[in-house]
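Residue 294 in the numbering used here sits at position 13 of the sequence shown, with consecutive numbering throughout.
C-beta atoms are modelled at their ideal positions from N, C-alpha and C, and glycine is treated no differently.
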Amino acid sequence: MPELRMYCPQGRGVCPLYDSAGFVAGLQLALPVDEYESLAIKPEKKFVKWRAPAVDGEPSKEYWTITQYYVSEETLKAGAGPQAANGATLQDGGVWVTGLDGKLLKIPTSEADIKNTAFTKQNCVPNMGTHYYYNMTRDMKCEDLLPWFGLTNNGEMIGTGFIMFGKLAPQKPRHWFEIPPTREQAPEIVIPYAPPCLGEWGSSYGILSLHIYYINDPWNIRCK
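Right under this line is the structure:
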């Protein structure tokens with residue numbers, strides 16, 4: 282969305298986007314092209330290539346990027362973006378991510394509304410929340426994995442997550458991405474209705490993931 286401005290910390294791994302009023306309106310994740318190994322799926326099928334300019338001592342570098350938005354294109358064009366006074370990160374009823382068709386896809390903030398989408402309910406994990414993955418069934422083809430999933434608690438979306446096959450060299454000054462300790466068991470623990478290829482590909486090619494929360498205390502999340 283051209284109306285937004287992006288600011289990146291050193292390393293450029295996680296970059297927030299802001300609207301004209303200075304309120305956070307999105308988040309970009311970036312994997313260095315020369316350090317991300319993706320043997321299962323061609324990166325260009327899931328990511329957008331971005332060459333970051335040289336700035337503040339960091340050289341120009343190419344990244345595979347993926348972005349989520351907290352405001353719709355329609356809301357931005359209408360000049361009715363988030364209001365800092367509200368205090369909530371999600372004020373427009375959802376989070377927008379790029380779908381498998383290349384168009385923006387809305388993940389609703391209400392769990393009841395999520396259940397009416399193609400996102401399927403998976404396991405609740407303490408300190409994380411209940412996971413919802415797009416079209417995640419036993420018959421899903423792993424090349425159709427949507428890199429984004431929703432996280433809910435008490436009927437509301439409290440976070441989202443990123444997941445993709447591949448391996449990434451440790452990043453400096455901070456490695457943002459989670460690497461499951463047992464790639465074979467992770468799908469069984471979190472995604473009980475995953476197709477067999479998810480565990481197989483995770484074991485063979487690796488899995489990267491990241492949880493993004495819109496609440497202050499996700500460590501207090503409990504499963505009922």
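**Asked** Can you name the start and end residues of the alpha helix (DSSP H) that Lys-396 belongs to?
**Response** Against the sequence shown, residue 396 aligns to sequence position 115. For Lys-396, there is no enclosing alpha helix (DSSP H), as DSSP gives it neither H nor E.
**Request:** Over the uninterrupted alpha helix (DSSP H) stretch that includes Gly-483, give me the two end residues.
**Result:** Taking the first residue of the sequence shown as position 1, residue 483 is located at position 202. Where Gly-483 is concerned, the enclosing alpha helix (DSSP H) stretches over 477-486.
**Request:** Quick one: grab the DSSP three-state call for Val-471.
**Result:** Position 190 of the sequence shown, counted from the start, is the residue given in the question as residue 471. Three-state result, Val-471: helix.
**Asked** Considering only residues of the same chain and omitting the five flanking positions on each side of Pro-499, which have a CB-CB separation below 8 Å?
**Response** Residue numbering aside, residue 499 sits at position 218 when the sequence shown is read from its first letter. Only Asn-408, Met-409, Gly-410, Ile-439, Gly-440, His-492 meet the Cβ criterion.
**Prompt:** How big is the Cα-Cα spacing for Val-305 and Tyr-495?
**Reply:** Counting from 1 along the sequence shown, the entry for residue 305 is found at position 24. Counting from 1 along the sequence shown, the entry for residue 495 is found at position 214. In this structure, the alpha-carbon of Val-305 lies about 11 Å from that of Tyr-495.
**Prompt:** Thinking C-alpha only, which one of Ser-484, Ile-502, Cys-405 is nearest Tyr-474?
**Reply:** Here residue 474 refers to the residue found at position 193 of the sequence shown. Comparing Cα positions, the closest option is Cys-405.
**Request:** Would you identify the three-state DSSP class for Cys-289, choosing helix, strand or coil?
**Result:** Numbered from 1 along the sequence shown, position 8 holds the residue referred to as residue 289. Correct three-state label for Cys-289: coil.
**Residues bridged to Gln-414 [DSSP beta-bridge criterion]** = Position 133 of the sequence shown, counting from 1, holds the residue named residue 414. First, the amino acid is wrong: residue 414 is Tyr here, not Gln. Within the DSSP secondary-structure output, Tyr-414 pairs in a beta bridge with Thr-401, Phe-430.
**Asked** At which residues does the beta strand (DSSP E) containing Leu-312 begin and terminate?
**Response** Within the sequence shown, numbered from 1, the residue matching residue 312 stands at position 31. For Leu-312, the uninterrupted beta strand (DSSP E) run begins and ends at 305-313, by DSSP.
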